[in-house]
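Chemist: One structure coming up, written as structure tokens, with questions to follow.
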Amino acid sequence: MAYRIPTAEVLAVAIVDVLRENPTVDSQKQLTELVRERLHCIDPAYAVTGQRIRRTAISSGLVRIEVQTRDSGKRRRLTRCPVCDSKLSKVRNRTISGDITIIGRRCPNCSYHMGLTERIPTRYVFSNIHSRRRSPADNGQTKL
Ligand SMILES: [Zn+2]
2 MAYRIPTAEV LAVAIVDVLR ENPTVDSQKQ LTELVRERLH CIDPAYAVTG QRIRRTAISS
62 GLVRIEVQTR DSGKRRRLTR CPVCDSKLSK VRNRTISGDI TIIGRRCPNC SYHMGLTERI
122 PTRYVFSNIH SRRRSPADNG QTKL
């Protein structure tokens, strides 16, 4: 059987449709099943991975995604976000003596953050961006 890869637009529309019917989906596995079902109504040959759905959901800007993580206990200098593959930014702190130290890393694109030890994503909760009251802090941008 030949598979077809949906475009980012087709996929984003399917994700938004799913979240319109299910305002909160509390695992990537469940979202993947629902989105596949939706895509198969359009074309039964459409194939998509959970990771692509997650990254498309984030880059669409139309989906709120909460990342639950556990601490691996391992000190690592991650450079890319394990959730969305964006470049992580360093969280710096000034010590009493005036030195700048790096105390962690955070993703500018999603809610992933870690301290000095790596945090492993364990669960994703996806929700419709319009299902709750909007807050300016949600997208990581601060209003002045
Ligand atoms: Zn990220």
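Residue numbers (my numbering): 2 to 145. By construction, the Cβ of each residue, glycine as well, lies at the ideal position given by its N, Cα and C atoms.
Would you kindly work out how many angstroms separate the C-alpha atoms of T33 and D100, rounded to a whole number?
Modeler: What you label residue 33 is simply residue 32 of the sequence shown in a count that begins at 1. What you label residue 100 is simply residue 99 of the sequence shown in a count that begins at 1. Cα-Cα distance, rounded: 46 Å.
Chemist: Going by DSSP, what residue range makes up the alpha helix (DSSP H) through D18?
Modeler: Here the question's residue 18 lines up with position 17 in the sequence shown. Unbroken alpha helix (DSSP H) run through D18: 9 to 22.
Chemist: Would you say V126 touches ligand 1, meaning its beta carbon is less than 7 Å from a heavy atom?
Modeler: Within the sequence shown, the letter at position 125 stands for residue 126. No, since every heavy atom of ligand 1 falls outside the 7 Å radius drawn around the Cβ of V126.
Chemist: With which residues is V36 paired in a DSSP beta bridge?
Modeler: If you number the sequence shown from 1, residue 36 lands on position 35. V36 pairs with nothing; no bridge assigned.
Chemist: Tell me the DSSP secondary structure of T80 in three-state form.
Modeler: What you label residue 80 is simply residue 79 of the sequence shown in a count that begins at 1. DSSP places T80 in coil when its eight states are reduced to three.
Chemist: Quick one: what does DSSP say G116 is sitting in, helix, strand or coil?
Modeler: Counted from its first residue, the sequence shown places residue 116 at position 115. DSSP places G116 in coil when its eight states are reduced to three.
Chemist: Given the structure, does C85 come close to ligand 1, in the sense that its CB is under 7 Å from one of the ligand's heavy atoms?
Modeler: Here residue 85 corresponds to residue number 84 of the sequence shown, with the count starting at 1. For ligand 1, at least one heavy atom lies less than 7 Å from the Cβ of C85.
Chemist: Residues in the same chain with beta-carbon distance under 8 Å from R53, minus the five sequence neighbours each way, listed in chain order, please.
Modeler: Here the question's residue 53 lines up with position 52 in the sequence shown. Closer than 8 Å at the Cβ level, and outside the excluded window around R53, lie L12.
Chemist: Closest to C111 by C-alpha separation, out of R55, T25, I43, would be which residue?
Modeler: Working through the sequence shown from its first residue, we reach residue 111 at position 110. Nearest option by C-alpha distance: R55.
Chemist: Looking at C-beta atoms only, is the number of pairs between the stretch 22 to 38 and the stretch 74 to 92 that lie closer than 8 Å three or more?
Modeler: Segments in contact, no.
Chemist: May I ask whether a heavy atom of ligand 1 can be found less than 7 Å away from the beta carbon of C42?
Modeler: Along the sequence shown, read from residue 1 onward, the residue named residue 42 stands at position 41. Every heavy atom of ligand 1 is 7 Å or more from the Cβ of C42, so no.
Chemist: If we count the other Cβ atoms within 10 Å of its Cβ and call it buried at 16 or more, is A58 buried or exposed?
Modeler: Working through the sequence shown from its first residue, we reach residue 58 at position 57. Buried, by the Cβ-count rule.
Chemist: How would you write the range of the beta strand (DSSP E) that T102 sits in, first residue to last?
Modeler: Here residue 102 refers to the residue found at position 101 of the sequence shown. Looking at the DSSP string, the run of the beta strand (DSSP E) that includes T102 is 101 to 107.
Chemist: Could you tell me how far apart the beta carbons of T118 and D72 are, in whole angstroms, since I believe they sit closer than 8 Å?
Modeler: For the purposes of this step, residue 118 is taken as the residue at position 117 of the sequence shown. For the purposes of this step, residue 72 is taken as the residue at position 71 of the sequence shown. Correct: roughly 6 Å between the Cβ atoms.
Chemist: So, helix, strand or coil for T57, using DSSP?
Modeler: Within the sequence shown, numbered from 1, the residue matching residue 57 stands at position 56. Three-state DSSP puts T57 in a helix.
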